[in-house]
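Q:
Number of protein chains: 2
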Amino acid sequence: MQLLEERIRKDGKVFPGDVLKVDSFLNHQLDAELLDAVGAEIADLFKDCAVTKVLTAEASGIAVACFVAAHLHCPALFAKKTRTLNIAASVWSAKAHSYTHGNDYTMVVSKEYLSSEDTVLIVDDFLANGSALRAMRNLCIEAGAKVAGAGIAIEKAYQGGGDELRAEGMRIESMARIASMDAEDGIQFC
Amino acid sequence: MQLLEERIRKDGKVFPGDVLKVDSFLNHQLDAELLDAVGAEIADLFKDCAVTKVLTAEASGIAVACFVAAHLHCPALFAKKTRTLNIAASVWSAKAHSYTHGNDYTMVVSKEYLSSEDTVLIVDDFLANGSALRAMRNLCIEAGAKVAGAGIAIEKAYQGGGDELRAEGMRIESMARIASMDAEDGIQFC
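Chains as they are written, first to last, in the numbering used here: chain A, 1 to 190; chain B, 191 to 380.
(1) Decide yes or no for the touch test of the region 224–234 of chain B against the region 258–277 of chain B: beta carbon pairs closer than 8 Å, at least 3 of them.
(2) The alpha helix (DSSP H) spanning residue 86 of chain A covers which residue range?
(3) What residue from B/364, B/380, B/363 has the CA that sits closest to residue 371 of chain B's CA?
(4) When you compare each of A/96, A/52, A/81 to residue 73 of chain A by their alpha carbons, which one comes out closest?
(5) Would you say residue 286 of chain B and residue 63 of chain A are within 9 Å of each other, going by their C-beta atoms?
(6) For a contact defined as C-beta to C-beta under 9 Å, what are the partners of residue 303 of chain B on chain A?
(7) Can you say whether residue 150 of chain A is buried or exposed, counting buried as having 16 or more other CB atoms within 10 angstroms of its CB?
(8) Can you list, in chain order, the residues of its chain whose CB lies under 6 Å from that of residue 83 of chain A, leaving out five sequence neighbours each side?
(9) If we cut at 9 Å on Cβ distances, does residue 222 of chain B have a partner in chain A?
(10) So, helix, strand or coil for residue 215 of chain B, using DSSP?
(11) Does the Cβ of residue 56 of chain A have 16 or more other Cβ atoms within 10 Å, making it buried, or fewer, making it exposed?
(12) May I ask you to report which of helix, strand or coil DSSP gives residue 171 of chain A?
(13) Shorter than 9 Å from the beta carbon of residue 74 of chain A to some beta carbon of chain B?
(14) Per DSSP, which residues does residue 296 of chain B bridge with? Please list them.
(15) In chain order, what are the residue ranges of uninterrupted beta strand (DSSP E) at least 3 long that sit wholly in the region 1–49 of chain A?
(16) Please report the Cβ distance between residue 176 of chain A and residue 141 of chain A, rounded to the nearest whole angstrom; I am assuming they are in contact, meaning their Cβ atoms lie under 8 Å.
(17) Applying the 10 Å Cβ sphere with the 16-neighbour rule, what's the burial state of residue 214 of chain A?
(18) Can you have a look at residue 207 of chain A and say buried or exposed, based on whether 16 or more other CB atoms are within 10 angstroms of its CB?
(19) Where does residue 199 of chain B land, buried or exposed, given buried means 16+ other C-beta within 10 angstroms?
(20) DSSP puts residue 155 of chain A in a beta bridge; with which residues?
(21) Checking 9 Å against the spacing of the C-beta atoms, do residue 302 of chain B and residue 24 of chain A come in under that value?
(22) Short of 8 Å Cβ to Cβ, which residues in the region 87–117 of chain A face chain B?
(23) Taking the beta carbon of residue 357 of chain B as the centre, do at least 16 other beta carbons fall within 10 Å, making it buried, or is it exposed?
(24) Give the straight-line distance between the Cα atoms of residue 132 of chain A and residue 169 of chain A, rounded to the nearest whole angstrom.
(25) Check the Cβ of residue 226 of chain B against every Cβ in chain A and list those closer than 7 Å, keeping chain order.
(26) Which value, in whole angstroms, describes the spacing of the CA atoms of residue 283 of chain B and residue 298 of chain B?
(27) Around the C-beta of residue 174 of chain A, are 16 or more other C-beta atoms found within 10 angstroms, so that it is buried, or is it exposed?
(28) Since residue 239 of chain B meets chain A, which of its residues come closer than 9 Å, beta carbon to beta carbon?
(29) Might you give, ordered along the chain, the residues of its own chain that have their beta carbon closer than 6 Å to the beta carbon of residue 247 of chain A, omitting 5 neighbours on each side?
(30) Helix, strand or coil: which one does DSSP assign to residue 161 of chain A?
(31) Measure how close the beta-carbons of residue 306 of chain B and residue 334 of chain B come, nearest whole angstrom, since I'm counting them as under 8 Å.
(32) Out of curiosity, what's the CA-to-CA distance linking residue 6 of chain A and residue 187 of chain A?
(33) Would you check if the distance between the CB atom of residue 129 of chain A and the CB atom of residue 160 of chain A is smaller than 9 Å?
(34) Use the C-beta contact count for residue 31 of chain A: other C-beta atoms within 10 angstroms, 16 or more gives buried, fewer gives exposed.
(35) Suppose the cutoff is 6 Å on Cβ atoms and the five residues either side in sequence are ignored; what does the same chain contact list for residue 381 of chain B look like?
Set out below in structure tokens:
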């Protein structure tokens with residue numbers, strides 16, 4: 001998606017340790033009109049999939065997911081992240097690992113809002129190694145819900161998480177796919 | 191706002207301990223079209239205030255804030271909640287208290303995204319005792335930003351936090367104001 005790639009080129013900052021800082025428009029400050037356009041594009045790609053629910057993870061996935069859901073005329077649901085070991089019986093849960101924070105955590109959603117009657121579109125701001133996306137897929141599997149696929153704002157394609165999941169049969173549509181990046185040479189898209 | 195009041199009456203659940211559960215459309219599962227309508231209404235009320243930024247707090251404020259920002263054609267910014275005592279020099283910070291979780295926390299926003307050139311509309315999903323709203327106002331004061339006011343989805347008016355802040359001169363527009371509620375008699379709006 002050209003609009004997003006241009007914005008990443010203009011405002012994204014690459015730091016050592018494989019960090020792409022896009023918190024001027026995606027992670028902290030949110031360019032609502034850009035994210036609405038990203039949401040519209042993702043919604044359009046999945047418009048024939050009979051999606052009943054958009055699933056994302058707090059906090060920075062919520063913005064894109066809301067716009068996708070508005071365009072698909074269905075609800076969004078955000079998984080909560082917890083480090084609590086005692087998981088309530090009323091929730092579906094799945095483990096994930098944060099490479100950014102170097103810790104494991106558990107994603108939970110209420111069983112009230114995810115069931116075998118749902119067809120789910122998973123949405124997230126970032127896809128790198130795929131741990132969060134796998135956890136959300138696992139929540140759907142646990143609930144018996146069908147997964148239509150995933151719509152992602154920025155995929156760090158060179159980390160391979162997306163292609164592993166595609167090889168397992170998951171449809172993943174990323175609005176910007178980064179082939180490589182470093183502080184000196186900048187960002188190359190796929 | 192009639193649409194929101196009707197939805198609260200229909201799907202809101204009152205539990206002992208002054209708990210209003212609206213996680214089927216506002217806090218966990220998000221009715222994106224309803225929240226877009228709420229956002230449009232808040233944006234319309236503040237359309238002549240030259241708002242440059244919508245400020246909210248993660249996680250459940252993000253959805254409404256995004257829709258407000260899209261309608262006002264300005265960015266949204268979400269304050270991050272942290273329990274870390276060492277606050278970086280690069281952020282504005284303000285303390286708040288969570289009555290739900292019974293703990294203190296600190297809200298932070300990057301200094302990059304909030305400055306004396308901003309006119310801020312604070313947006314949140316809930317207003318009860320006003321602690322989160324005060325903290326966001328304090329972030330703005332610290333940054334030297336002007337506060338146009340606050341747009342809230344649901345105000346528990348009987349808890350008084352909103353009226354205290356109004357008495358201090360803050361403009362607060364709440365889309366649904368609850369006068370009283372209990373599990374037996376249901377919910378009364380102001």
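All C-beta atoms, glycine included, are put in the ideal place defined by N, C-alpha and C.
A: On the basis of the data shown:
(1) The region 224–234 of chain B, when compared against the region 258–277 of chain B, does touch it at the 8 Å Cβ threshold.
(2) The residue you call residue 86 of chain A lines up with position 86 of the first sequence. Premise fails: residue 86 of chain A is in no alpha helix (DSSP H) and is neither H nor E.
(3) Translated into the one-based positions of the second sequence, residue 371 of chain B becomes position 181. Nearest of B/364, B/380, B/363 to residue 371 of chain B, Cα basis: B/380.
(4) As a first step, residue 73 of chain A must be located in the first sequence, where it is residue number 73. Nearest of A/96, A/52, A/81 to residue 73 of chain A, Cα basis: A/52.
(5) The sequence position of residue 286 of chain B within the second sequence is 96, counting from 1. The sequence position of residue 63 of chain A within the first sequence is 63, counting from 1. No, they are not a contact pair.
(6) By one-based count along the second sequence, residue 303 of chain B stands at place 113. Taking a Cβ-Cβ cut-off of 9 Å, the neighbours of residue 303 of chain B in chain A comprise 23, 24, 28, 29, given in sequence order.
(7) Taking the first residue of the first sequence as 1, we reach residue 150 of chain A at position 150. Residue 150 of chain A should be labelled buried.
(8) Within the first sequence, residue 83 of chain A is the residue found at index 83, counting from 1. Answer for residue 83 of chain A: 105, listed in chain order.
(9) Counting from 1 along the second sequence, the entry for residue 222 of chain B is found at position 32. The Cβ of residue 222 of chain B sits closer than 9 Å to at least one Cβ of chain A.
(10) Numbered from 1 along the second sequence, position 25 holds the residue referred to as residue 215 of chain B. Under the three-state reduction of DSSP output, residue 215 of chain B falls in the coil class, being neither helix nor strand.
(11) Numbered from its first residue, the first sequence carries residue 56 of chain A at position 56. Buried.
(12) The residue given as residue 171 of chain A occupies position 171 in the first sequence. Residue state, collapsed to three classes: coil.
(13) By 1-based counting over the first sequence, the position of residue 74 of chain A is 74. So, interface residue.
(14) Counting from one through the second sequence, the residue named residue 296 of chain B turns up at place 106. Answer by DSSP bridge pairing, in chain order: B/272, B/285.
(15) Here the runs fully enclosed are 13–15, 19–21.
(16) Within the first sequence, residue 176 of chain A is the residue found at index 176, counting from 1. Within the first sequence, residue 141 of chain A is the residue found at index 141, counting from 1. Cβ-Cβ separation between residue 176 of chain A and residue 141 of chain A: approximately 28 Å, too far for a contact (criterion under 8 Å).
(17) Nothing in the structure corresponds to residue 214 of chain A, since chain A is present only between 1 and 190.
(18) This structure cannot speak to residue 207 of chain A, because chain A is shown only from 1 to 190.
(19) Position 9 of the second sequence, counting from 1, holds the residue named residue 199 of chain B. In summary, residue 199 of chain B is exposed, with fewer than 16 beta-carbon neighbours lying within 10 Å of its beta-carbon over all protein chains present.
(20) Sequence index remark: in the first sequence, residue 155 of chain A carries index 155 (1-based). Residue 155 of chain A is bridged to A/127, A/177.
(21) Reading the second sequence from its first residue, position 112 is the one you call residue 302 of chain B. Reading the first sequence from its first residue, position 24 is the one you call residue 24 of chain A. A contact, by the Cβ cut-off of 9 Å.
(22) Within the region 87–117 of chain A, the residues whose Cβ lies closer than 8 Å to some Cβ of chain B are 109, 110, 112, 113, listed in chain order.
(23) The sequence position of residue 357 of chain B within the second sequence is 167, counting from 1. Label assigned to residue 357 of chain B: exposed.
(24) Position 132 of the first sequence holds residue 132 of chain A. Position 169 of the first sequence holds residue 169 of chain A. In this structure, the CA atom of residue 132 of chain A is about 17 Å from the CA atom of residue 169 of chain A.
(25) As a first step, residue 226 of chain B is located in the second sequence; it is residue number 36 there, counting from the start. Chain A residues near residue 226 of chain B: 70.
(26) Within the second sequence, numbered from 1, the residue matching residue 283 of chain B stands at position 93. Within the second sequence, numbered from 1, the residue matching residue 298 of chain B stands at position 108. In this structure, the CA atom of residue 283 of chain B is about 4 Å from the CA atom of residue 298 of chain B.
(27) Here residue 174 of chain A is taken as the residue at index 174 of the first sequence, counted from 1. Around the CB of residue 174 of chain A, 16 or more other CB atoms lie within 10 Å, so the residue is classed as buried.
(28) On the second sequence, position 49 is the one that residue 239 of chain B refers to. None at all; the shortest Cβ gap to chain A is about 17 Å.
(29) Because chain A in this structure spans residues 1 to 190, residue 247 of chain A falls outside the shown range and cannot be described.
(30) Stepping through the first sequence from its first residue, residue 161 of chain A is reached at position 161. The three-state reading of DSSP puts residue 161 of chain A in helix, counting H, G and I together.
(31) Counting from one through the second sequence, the residue named residue 306 of chain B turns up at place 116. Counting from one through the second sequence, the residue named residue 334 of chain B turns up at place 144. Taking C-beta atoms under 8 Å as the contact rule, residue 306 of chain B and residue 334 of chain B qualify, at a distance of about 3 Å.
(32) Sequence index remark: in the first sequence, residue 6 of chain A carries index 6 (1-based). Sequence index remark: in the first sequence, residue 187 of chain A carries index 187 (1-based). Here the alpha carbon of residue 6 of chain A sits roughly 11 Å from the alpha carbon of residue 187 of chain A.
(33) Translated into the one-based positions of the first sequence, residue 129 of chain A becomes position 129. Translated into the one-based positions of the first sequence, residue 160 of chain A becomes position 160. Cβ distance < 9 Å, so residue 129 of chain A and residue 160 of chain A count as in contact.
(34) By one-based count along the first sequence, residue 31 of chain A stands at place 31. Buried, since its Cβ has 16 or more Cβ neighbours within 10 Å.
(35) One cannot answer for residue 381 of chain B here, as it falls past the ends of chain B, which runs 191 to 380.
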